[in-house]
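What follows is a set of notes on a single structure, which appears directly below.
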């Protein structure tokens with residue numbers, strides 16, 4: 001959906017997404033810089049049976065500084081502690097080595113090949129630790 005169609009249906013879609021978040025089937029998180037400006041997001045979707053799919057996007061001006069790694073690690077911590085999840089999945093395309101590196105640094109392991117938007121990709125999984133034993137990425 002693009003152009004004016006996106007905005008024509010925005011209010012209804014926004015209400016539906018907020019209802020899903022209230023029900024606990026999705027969790028949205030924003031990433032802010034030290035001045036409070038929005039620089040990215042990390043979402044957990046398809047929350048069901050102790051698992052969810054993680055997706056994230058960091059703005060170009062904030063890349064290469066560890067922001068994505070720190071944000072993904074924090075949402076993984078929240079997934080285990082605040083949301084009571086036991087595992088997360090994530091997907092990325094093979095032509096996105098930065099995303100593959102972030103997922104690797106944050107404890108995700110490849111579990112299979114996929115096709116994503118017509119491009120070769122990888123599906124990842126991360127088991128979440130008990131809150132008292134969760135590893136720290138250190139940065």
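In full-length UniProt numbering, the protein residues as written are 1 to 139.
Heads up, the beta-carbon is just placed ideally off N, CA and C, and yes, glycines get one too.
Every value quoted in this text rests on a predicted model; they were computed, and no experiment measured them.
* If you draw a straight line from the C-alpha of residue 39 to the C-alpha of residue 55, how long is it? -> Using only the alpha carbons, I get a separation of about 15 Å.
* Own chain partners of residue 68 with C-beta closer than 6 Å, once the 5 adjacent residues on each side are dropped -> 58 and 102
* Asked: Can you tell me whether DSSP reads residue 128 as helix, strand or coil?
  -> coil
* **Minimum C-alpha distance to residue 43 - residue among 81, 37 and 27** => 27
* Looking at the structure shown, is residue 85 part of a helix, part of a strand, or coil, going by DSSP? -> coil
* Asked: Which residues in the same chain have their Cβ closer than 7 Å to the Cβ of residue 52, if we skip the five residues on either side of it in sequence?
  -> 44, 45, 46, 79, 85 and 88
* To do: Please go through the same chain and pick out, in chain order, the residues whose beta-carbon is closer than 8 Å to the beta-carbon of residue 71, but skip the five residues on each side of it.
  => 29, 31, 40, 42, 56 and 58
* Neighbourhood of residue 100 by C-beta distance below 8 Å, restricted to the same chain and skipping five residues each side -> 92, 94 and 122
* Asked: In chain order, what residues of the same chain have a beta carbon less than 8 Å from the beta carbon of residue 61, not counting five sequence neighbours either side?
  -> 39
* Span of the alpha helix (DSSP H), counted from its first residue to its last, around residue 37 -> No alpha helix (DSSP H) contains residue 37, which DSSP labels as neither H nor E.
* Is the Cβ-Cβ distance between residue 108 and residue 126 less than 7 Å? -> Yes; because the gap between Cβ atoms is below 7 Å, this pair is in contact.
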